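Sequences listed follow chains A and X, in order. Position in the first sequence (first residue = 1) + 176 = the working numbering. Position in the second sequence (first residue = 1) + 176 = the working numbering. Single-structure report; data block below.
2 protein chains.
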Amino acid sequence: MPEDARRHNRSLALQALFGSDPLSRADLARSTHLTPTTASDLVSGLLDDGLVEEVGRRPGRGAGKPATLLRIVPDGRHLVCLDLSDEEAVVGAVINLAGAVVTRRTLKRNGRAGDDAVDLVAELAESLAADTDRPLLGVGIGSPGLVDGHGVVVAAWSYQWARVPLAEILSARLDLPVHVVNDANAATLGEFTFGHTTAQNFVVVKLGQGVGAGLVIDGRLVSGERAAAGEIGHVVVDERGELCTCGNRGCVELAVAVPFVRQRIAAAGADEAARRRVLAGAGRRLGLALATVVSAIDSQEVVVSGPPDIVDERFLAAVLGTIRRRTIALIGEHVDVRASSLGTDDVLFGAASLVLSQELGIA
Amino acid sequence: MPEDARRHNRSLALQALFGSDPLSRADLARSTHLTPTTASDLVSGLLDDGLVEEVGRRPGRGAGKPATLLRIVPDGRHLVCLDLSDEEAVVGAVINLAGAVVTRRTLKRNGRAGDDAVDLVAELAESLAADTDRPLLGVGIGSPGLVDGHGVVVAAWSYQWARVPLAEILSARLDLPVHVVNDANAATLGEFTFGHTTAQNFVVVKLGQGVGAGLVIDGRLVSGERAAAGEIGHVVVDERGELCTCGNRGCVELAVAVPFVRQRIAAAGADEAARRRVLAGAGRRLGLALATVVSAIDSQEVVVSGPPDIVDERFLAAVLGTIRRRTIALIGEHVDVRASSLGTDDVLFGAASLVLSQELGIA
């Protein structure tokens with residue numbers, strides 16, 4: 177069998193085992209459409225690699241020999257996962273193949289930017305790699321800004337990065353495969369692979385220093401023609417709104433990015449009604465942009481990822497109400513708007529999901 | 177080999193041959209990741225079925241025997257394709273596997289609706305089926321309105337259809353597989369399979385009695401959670417606009433559906449400047465909705481399908497200008513807005529594409 181066919185089949189087998197109850201070799205052959213012989217050969221290789229283990233036998237049905245059951249070894253590999261979306265600190269964790277956090281580390285940024293920030297990220301990754309004695313599968317990173325398909329951060333304003341080949345630099349320093357994705361897309365991957373959603377069509381909006389979105393359509397994350405899918409931060413939702421740094425007025429980012437909303441909350445002071453109006457207004461503006469997105473892709477769910485002082489019930493209700501008012505009933509009546517089920521760990525889990533898919537073909 | 181694996185491999189082989197220069201058995205094995213033996217067995221079956229034929233030999237490179245080349249037999253199967261998007265007539269064609277129109281027929285509607293319109297559609301399909309003596313692969317239909325994944329027209333206002341199982345009814349009458357898709361999605365499939373686009377991420381907007389869109393993302397047509405993807409007709413683009421039948425004000429449909437634009441053109445009379453303002457205004461409103469869609473999916477192209485009296489250079493320029501003003505430069509600067517490369521045949525070719533994908537696995 178050609179080598180790329182073998183790799184493809186290996187991914188099919190791992191995919192079938194991932195997040196599933198233990199399976200027999202025959203189950204695996206059935207669900208992957210491989211012949212029993214091919215499936216059995218693959219399993220031998222996976223056992224040798226320490227990725228899969230036997231976990232007992234299934235009680236026989238009828239006269240046949242009870243089948244040996246297989247599962248992925250939870251600590252067969254560890255993953256180093258980094259979240260760079262916070263303004264104050266770089267955050268990381270070692271995560272295992274079962275999606276459990278093994279260890280966590282955080283390094284304060286103290287304003288570090290440019291090459292100095294690249295060093296900070298490398299230090300965090302090295303510390304985490306030293307925290308585990310298990311074989312490392314790779315490093316996954318969720319970064320703010322535009323990230324291309326080769327792990328180059330094309331532009332990340334908050335780190336003053338422009339065309340920084342982050343994957344290549346870190347891969348050379350750590351001698352490990354490194355994969356980088358935009359933080360909103362990471363949050364989306366995390367929700368899809370490790371979160372509570374069962375939808376195959378949904379949008380994750382990440383409110384941070386800016387506003388980004390990730391789209392899952394028919395079960396796949398959308399990257400777009402220039403890896404810029406989900407860049408809704410500068411869609412105009414108020415033509416008579418404030419002037420944005422991008423040159424337009426009334427961008428989504430001015431309406432719902434964390435620093436701007438917190439400014440308006442601070443201005444409201446102790447006036448609870450004013451605070452609520454701020455959140456409802458921000459939610460309405462976000463809903464205006466999302467109504468069109470939800471209509472275009474017929475999304476079942478909108479997941480909002482952001483700090484709990486902003487993403488509260490009132491905010492979510494305003495987003496939902498606006499989407500309902502501005503879409504056809506068939507779509508609007510069925511859409512659900514909720515906070516991320518992974519809380520603030522969504523980018524870390526997304527980074528883990530990225531490494532799993534790139535290194536093992538598990539989506 | 178299990179039967180579904182065989183069907184899957186057969187689709188891989190046909191897909192590789194479709195729209196390609198003739199290939200050898202070895203080429204096929206390489207491009208499908210199948211073993212040479214499996215590929216050779218598949219080819220034997222396809223030759224027996226009259227789907228593939230040998231077309232000579234490739235001049236040998238080096239000492240090897242010259243390889244026999246294979247291609248899909250253009251008239252190995254014929255497809256009956258129907259376009260129901262026109263208000264005045266139902267339009268059909270027989271199309272072959274090479275995408276050539278073999279014959280065309282049109283039946284006037286004369287206001288027929290409900291069951292009577294179903295009969296009209298069946299008559300057209302039967303006439304077309306009788307026009308050819310080649311084996312028929314199936315019937316493909318592009319219908320206005322909402323169509324579910326089982327070929328049920330959930331709602332098509334212009335035919336007064338509500339939950340009409342069009343695929344099932346026609347399949348029983350014609351004794352052929354019948355596949356139905358929304359007309360905007362059909363136009364999108366047509367553009368993708370037979371049109372001039374090379375983009376993997378694009379939007380097709382169909383202006384007809386209403387306004388619908390089809391989205392291709394990473395090379396696949398998006399269906400959405402309830403098969404309602406692309407239903408942007410009732411996205412609000414002008415909160416202070418006219419009241420729509422849906423209960424909202426200022427829907428996209430009021431701005432750019434063909435009957436409404438033609439009314440405004442008629443009101444402009446011989447005043448050429450007024451006519452231009454009408455088209456520029458309609459284009460701007462469509463651009464408002466599309467700016468968000470293009471940002472969300474990072475689309476490379478917007479294809480507008482509609483009558484040439486509306487979709488002219490001025491209209492397209494207004495759409496493009498609005499998208500550019502309302503998206504980030506990275507996306508807006510690279511997006512292209514153009515008319516459909518298949519003209520008014522786009523729905524027919526999309527119906528053909530649907531049958532090819534459903535019956536032969538060719539996407």
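Beta carbons are placed, not taken as given, at the ideal position from N, Cα and C, and that holds for glycine. Predicted, not measured: the structure shown is a model, and the values here were computed from it.
Within chain B, partners of residue i - CB distance below 9 Å
i, result
"SER216 of chain A", "As a matter of chain content, chain B is missing from the structure shown, whose protein chains are A and X."
Exposure label - residue i; buried when at least 16 CB within 10 Å
i, result
"ARG339 of chain X", "exposed"
"GLN439 of chain A", "exposed"
"ALA189 of chain X", "buried"
"VAL356 of chain A", "buried"
"VAL231 of chain A", "exposed"
"LEU462 of chain A", "buried"
"ARG233 of chain X", "exposed"
"THR369 of chain A", "buried"
"GLY321 of chain A", "buried"
"ASP351 of chain A", "exposed"
"GLU429 of chain A", "buried"
Integer Cβ distance of residue i from residue j, believed to fall under 8 Å
i, j, result
"VAL315 of chain X", "ASN358 of chain X", "Not quite, the Cβ-Cβ distance comes to about 16 Å (not below 8 Å), so this is no contact."
"GLU477 of chain X", "VAL432 of chain X", "About 18 Å separates the two Cβ atoms, so there is no contact after all."
"GLY388 of chain A", "VAL434 of chain A", "The pair is not a contact, with the Cβ atoms about 12 Å apart (cut-off 8 Å)."
"VAL553 of chain X", "LEU260 of chain X", "Chain X is shown from 177 up to 539; residue 553 of chain X falls before or after that span and cannot be answered."
"SER517 of chain X", "GLY395 of chain X", "Actually they do not touch by this definition, with Cβ atoms about 17 Å apart."
"LEU283 of chain A", "ALA306 of chain A", "Rounded, the Cβ-Cβ distance is 14 Å, inconsistent with contact."
"ILE317 of chain A", "VAL354 of chain A", "7 Å"
"ARG502 of chain A", "ASN424 of chain X", "7 Å"
Check whether residue i and residue j have beta carbons under 7 Å apart
i, j, result
"GLY390 of chain X", "THR364 of chain X", "yes"
"LEU258 of chain X", "SER200 of chain X", "no"
"LEU255 of chain X", "ALA528 of chain X", "yes"
"VAL413 of chain A", "ALA465 of chain A", "yes"
"ALA467 of chain A", "ILE499 of chain A", "yes"
"PRO545 of chain X", "ARG253 of chain X", "Residue 545 of chain X lies beyond the range of chain X shown here (177 to 539); nothing can be said about it."
"LEU300 of chain A", "GLY327 of chain A", "no"
"ALA494 of chain X", "ALA456 of chain X", "yes"
"VAL270 of chain A", "THR208 of chain A", "no"
"ILE504 of chain A", "GLU407 of chain X", "yes"
"PRO235 of chain X", "ALA274 of chain X", "no"
"ARG452 of chain X", "ARG490 of chain X", "yes"
"ASN185 of chain A", "GLY400 of chain X", "no"
"VAL454 of chain X", "VAL381 of chain X", "no"
"VAL398 of chain X", "ALA404 of chain X", "no"
"ILE486 of chain X", "VAL437 of chain X", "yes"
"ALA205 of chain X", "PRO198 of chain X", "no"
"ASP522 of chain A", "GLY366 of chain A", "yes"
Three-state secondary structure assigned by DSSP to residue i
i, result
"ASP295 of chain X", "helix"
"VAL478 of chain X", "strand"
"ALA289 of chain A", "coil"
"GLU149 of chain X", "Residue 149 of chain X is absent from the model: chain X starts at 177 and stops at 539."
"VAL328 of chain A", "coil"
"THR498 of chain X", "helix"
"GLU429 of chain X", "helix"
"LEU549 of chain A", "Lying before the first or after the last residue shown, residue 549 of chain A is absent from chain A, which here runs from 177 to 539."
"SER200 of chain X", "strand"
"GLU509 of chain A", "coil"
"ARG310 of chain A", "coil"
"GLU179 of chain X", "helix"
"ASN185 of chain A", "helix"
"LEU536 of chain A", "helix"
"SER399 of chain A", "coil"
"ILE504 of chain A", "coil"
"PHE491 of chain A", "helix"
"PHE378 of chain A", "strand"
"GLY390 of chain A", "strand"
"LEU210 of chain X", "coil"
"VAL278 of chain X", "strand"
"ALA515 of chain A", "strand"
"LEU227 of chain X", "coil"
"LEU273 of chain X", "coil"
"GLY526 of chain X", "helix"
Check your understanding: Where are the beta strand (DSSP E) runs, 3 residues long or more, that stay fully inside the region 232 to 269 of chain A, in chain order?
Key -> 244 to 248, 254 to 259
Review point. Taking only runs of the beta strand (DSSP E) that begin and end inside the region 336 to 374 of chain X, which ones reach a length of at least 3 residues, in chain order?
Key: 337 to 340, 354 to 358
Practice item. Counting only runs of 4+ residues fully inside the region 432 to 471 of chain X, write out the alpha helix (DSSP H) ranges in chain order. Key: 434 to 444
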